[in-house]
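Colleague: Next up is a structure, given as structure tokens.
2 protein chains.
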Amino acid sequence: MASSYKDLKAMDRNSIRAAIRGGAYRSHTAGLAPKVLQSNLAILPERYALDFMRFCQRNPKPCPLSGVSDTGNPMMFTLGHDIDIRTDVPAYNIYRNGKLSDTVSDIADIWQDDLVAFALGCSFTFEHALMHSGVELWHIENNTTVPMFRSNIETVPSGPFHGKMVVSMRAVPANQLELVSGISRRFPHAHGGPVHTGDPAQIGIKDIASPEWGDPAPVPDGHVTVFWACGVTPQVAIEQAGLPICITHKPGHMLITDVPEDAENPIIQNSRPQTTGFDQ
Amino acid sequence: MASSYKDLKAMDRNSIRAAIRGGAYRSHTAGLAPKVLQSNLAILPERYALDFMRFCQRNPKPCPLSGVSDTGNPMMFTLGHDIDIRTDVPAYNIYRNGKLSDTVSDIADIWQDDLVAFALGCSFTFEHALMHSGVELWHIENNTTVPMFRSNIETVPSGPFHGKMVVSMRAVPANQLELVSGISRRFPHAHGGPVHTGDPAQIGIKDIASPEWGDPAPVPDGHVTVFWACGVTPQVAIEQAGLPICITHKPGHMLITDVPEDAENPIIQNSRPQTTGFDQ
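Protein chains in written order, with our numbering: chain A, 169 to 448; chain B, 169 to 448.
This is the structure we're talking about:
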């Protein structure tokens with residue numbers, strides 16, 4: 169039986185993941201299971217995994233690594249007690265040779281023994297903290313997607329992975345700038361502090377009203393444009409690398425973990441390797 | 169010409185690294201080049217690198233990754249402008265099949281095209297911050313090595329890497345406990361906050377006066393034993409894995425980087441791949 173977003177809003181994270189795993193829910197996860205870390209997803213063959221992991225280490229703001237599976241084992245045991253990455257994300261994008269070839273609701277049938285799954289922190293975490301501190305976020309209040317732009321900031325390359333950093337923009341009242349920077353810096357596993365504040369042209373953005381991803385958002389008088397590194401950055405780097413196969417979450421359709429948003433590290437206590445549900 | 173510790177204390181980090189690279193200084197680096205990150209070192213063959221990097225990601229407190237080289241390229245370009253990992257550490261331990269086989273002052277002659285160098289943050293960083301805040305550290309004032317113990321805390325395994333966490337102990341006045349925890353938590357790239365506070369027996373330590381590494385330190389009245397994850401943990405995990413070859417720094421003889429100790433991330437601005445000094 170299908171579940172609605174409203175149904176899931178009332179559920180705890182285990183029930184939400186069960187609904188997703190069972191195929192009852194295939195939509196976005198914004199606002200669900202507050203207080204736990206949600207993650208972006210990139211799954212790729214092991215022969216690219218070391219280079220990709222180095223890319224993440226070198227670019228921690230756009231690519232804040234929150235978890236890495238063992239090769240071929242879909243259980244993300246450092247992020248939760250029963251997370252099967254083949255079924256526990258509402259929607260997946262499958263790329264073949266760098267091109268989007270399919271969007272599906274589970275990947276059990278295309279999982280391979282050589283795949284490695286990477287979970288990457290996402291901006292939901294620091295957005296929740298900002299809202300709790302009384303900062304208004306226009307895109308959330310207006311139910312749109314945050315505007316995202318390709319900047320002229322180069323990522324630090326690793327193997328086939330490179331390219332410009334993608335950034336998201338939130339307009340912040342000038343008198344809240346320090347508060348907003350300070351709060352987001354406290355979440356290194358969710359993009360951390362801003363990468364740029366002020367004139368968009370300085371980071372190569374010509375028209376703030378025309379984002380390349382997401383929806384436009386106004387910059388009211390007395391507000392300053394603030395830019396954060398964005399999780400679309402690794403997706404673009406992976407697409408450009410043209411891997412034979414790569415699987416990501418469908419944007420907005422995240423992995424819901426068991427890790428508290430305010431955890432010092434994105435690792436659950438006493439993580440032990442798990443093979444439950446793993447086709448040995 | 170040999171340089172003394174006193175000579176190096178007066179130098180900037182570039183001159184210090186030049187003295188080390190030239191073979192003029194082969195001793196410990198504690199207290200040198202304050203304000204920049206110093207790092208532990210582990211160099212191992214690429215076929216173990218992904219598992220080791222996953223081990224670090226899963227155990228960020230004992231293994232805070234601060235930099236990873238490209239395979240076969242000894243230039244640690246994300247940590248500094250001219251850091252050649254073959255020559256820029258004062259002393260190296262070489263392990264073969266899990267056993268210490270040699271201690272040398274450079275590894276240019278045994279560097280291999282398949283080696284990957286990992287830099288890991290060290291406790292010097294948070295110790296400096298503690299001292300700046302007026303916290304007295306007995307082992308530093310008495311010129312001894314911090315006491316270290318094998319705890320009963322299990323690391324999260326990855327491939328051949330596993331084992332108990334090694335912890336360091338500092339006795340802290342009860343009224344400074346909160347201050348000390350808060351300060352060290354601000355340095356996730358230098359072991360972060362404590363892993364245990366109070367009764368040593370709770371983490372499997374039988375005799376606080378008998379450390380397994382380093383020197384004993386007193387626990388005066390009114391002081392509490394505070395334990396941090398220790399960079400010896402990955403060294404023990406690597407030894408136990410019995411790799412055919414592995415190279416680490418000699419304890420206390422660290423890599424001095426260009427990264428400020430208070431940087432949000434251990435990456436220098438505008439890092440670009442470097443091959444200067446690299447035998448192509």
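Glycine included, every Cβ here is placed at the ideal spot set by N, Cα and C.
What separation, rounded to the nearest whole angstrom, lies between the Cα atoms of B/C231 and A/T425?
Modeller: 23 Å
Colleague: For A/R226 and chain B, any beta-carbon pair shorter than 8 Å?
Modeller: Yes - at least one Cβ of chain B is within 8 Å of the one on A/R226.
Colleague: Let me make sure I understand the geometry here. Which of A/D367, A/A201, A/G399 has the alpha-carbon closest to that of A/G387?
Modeller: Per the sequence shown, the amino acid found at residue 387 of chain A is Val instead of Gly. That would be A/D367, whose Cα lies nearest to the Cα of A/V387.
Colleague: So, do the region 409–418 of chain A and the region 377–387 of chain A have three or more beta carbon pairs nearer to each other than 8 Å?
Modeller: no
Colleague: Looking at chain A, which residues of the region 296–309 of chain B have a Cβ within less than 8 Å of any of its Cβ atoms?
Modeller: none
Colleague: Going along the region 265–294 of chain A in order, which residues come within less than 7 Å of chain B, judged by CB to CB distance?
Modeller: none
Colleague: Roughly how many whole angstroms lie between the Cα atoms of A/N433 and B/W396?
Modeller: 15 Å
Colleague: So with CB distances below 8 Å, who are the chain B contacts of A/S439?
Modeller: R226, V324
Colleague: Quick check: what's the CA-CA separation for A/F329 versus A/T312?
Modeller: 30 Å
Colleague: In or out: B/N227 buried (at least 16 other Cβ within 10 Å) or exposed?
Modeller: buried
Colleague: Select from A/F223, A/S237, A/A276 the residue whose C-alpha is nearest the C-alpha of B/R440.
Modeller: The option with the nearest alpha carbon to B/R440 is A/F223.
Colleague: What number of angstroms, rounded off, separates the C-alpha of A/T416 from the C-alpha of A/T246?
Modeller: The straight-line gap from Cα to Cα measures roughly 19 Å.
Colleague: Is A/Y193 helix, strand or coil when you go by DSSP?
Modeller: coil
Colleague: Is the CB of B/R181 under 8 Å away from at least one CB in chain A?
Modeller: no
Colleague: Given that a residue counts as buried once 16 or more other Cβ atoms are within 10 Å of its Cβ, and exposed if not, what is A/H364?
Modeller: buried
Colleague: Using a beta-carbon distance below 8 Å, is A/P428 in contact with chain B?
Modeller: no
Colleague: Assuming B/F286 contacts B/L233 (C-beta within less than 8 Å), just tell me the rounded distance between them.
Modeller: 7 Å between Cβ atoms; contact.
Colleague: Please tell me whether B/C414 and B/I211 are closer than 8 Å, where the distance is taken between their beta carbons.
Modeller: yes
Colleague: Can you tell me whether A/R215 is buried or exposed? The criterion is at least 16 other CB atoms within 10 Å of its CB, across all chains shown.
Modeller: exposed
Colleague: With B/L200 and B/I184 assumed to form a contact (beta carbons below 8 Å), what rounded beta-carbon distance in angstroms separates them?
Modeller: Right, the Cβ-Cβ distance comes to about 6 Å (below 8 Å), so this counts as a contact.
Colleague: Measuring only between beta-carbons, confirm whether B/R318 sits less than 8 Å from chain A.
Modeller: no
Colleague: Beta-carbon separation of A/V257 and A/H391 under 8 Å?
Modeller: No.
Colleague: Measure the beta-carbon distance from A/V284 to A/S207 and round it to whole angstroms, keeping in mind my assumption that it falls under 8 Å.
Modeller: Contact doesn't hold; Cβ gap of about 15 Å is too wide.
Colleague: Which stretch, first to last residue, makes up the alpha helix (DSSP H) that contains B/V267?
Modeller: The amino acid occupying residue 267 of chain B in the given sequence is Lys; Val does not appear at that position. Segment 267–272 is the beta strand (DSSP E) holding B/K267; no alpha helix (DSSP H) there.
Colleague: Report whether the distance from the Cβ of B/Q344 to the nearest heavy atom of the ligand MG is below 7 Å.
Modeller: As for the ligand MG, it is missing from this structure, which has no ligand bound.
Colleague: Do B/D389 and B/H307 have their beta-carbon atoms positioned less than 8 Å apart in this structure?
Modeller: no
Colleague: Strictly by DSSP, which residues pair up with A/N208?
Modeller: A/L288
Colleague: Judging by CA-CA distance, which residue of A/A192, A/G235, A/I371 is the nearest neighbour of A/I436?
Modeller: A/G235
Colleague: Can you list, in chain order, the residues of its chain whose CB lies under 6 Å from that of B/A385, leaving out five sequence neighbours each side?
Modeller: Excluding residues within five positions, the ones whose Cβ falls inside 6 Å are W306, H307, P315.
Colleague: Name the chain B residues whose beta carbon is nearer than 7 Å to that of A/V236?
Modeller: Taking a Cβ-Cβ cut-off of 7 Å, the neighbours of A/V236 in chain B comprise R222, Q225, given in sequence order.
Colleague: Which residues in chain B have a C-beta closer than 7 Å to the C-beta of A/G360? List them in chain order.
Modeller: E432
Colleague: Within the 8 Å Cβ cut-off, does A/A217 reach chain B?
Modeller: yes
Colleague: Look at the alpha carbon of B/P341 and the alpha carbon of B/D281, and state the distance between them as a whole number of angstroms.
Modeller: 50 Å
Colleague: Within the same chain, show all residues whose beta-carbon is closer than 7 Å to that of B/T443, passing over the 5 residues directly before and after it, in chain order.
Modeller: Once the five neighbours on either side are set aside, the close Cβ partners of B/T443 are N241, M243.
Colleague: Alpha carbon to alpha carbon, what distance is there between B/S195 and A/L423?
Modeller: 48 Å
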